[in-house]
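K.L.:
One structure, as structure tokens, below. Some questions next.
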Amino acid sequence: MYDVCLTATAWYIIGLLCVLLIRSFGFREFHQEKIIPWLVGIAMIFFLIALMFN
């Protein structure tokens with residue numbers, strides 16, 4: 004369970020970095036204002052679950 008949560012956290016962080024990369028290229032129709040807080044929140048939840056199972 005610990006490994007699964009850390010893997011999920013890593014993928015959400017990678018997704019967040021991809022969103023920031025897309026944003027830096029100037030794609031304003033990409034709704035990053037809604038996606039970034041969700042990615043950060045979900046990554047934090049998975050990370051906290053991983054810490055609880057450690």
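The numbering used here applies: residue 4 is where the sequence shown begins, and numbers increase by one. Don't be surprised by glycine CBs; every beta carbon is placed ideally from N, CA and C.
Hey, how far is the Cα of T10 from the Cα of C21?
P.N.:
Rounded to the nearest angstrom, the two C-alpha atoms are 16 Å apart.
K.L.:
Put F56 into one of helix, strand or coil per three-state DSSP.
P.N.:
coil
K.L.:
Rank A46, A53, F49 and I39 by C-alpha distance to the C-alpha of R26 and give the top, closest one.
P.N.:
I39
K.L.:
Measure the alpha-carbon distance for L24 versus I45 and round it to whole angstroms.
P.N.:
19 Å
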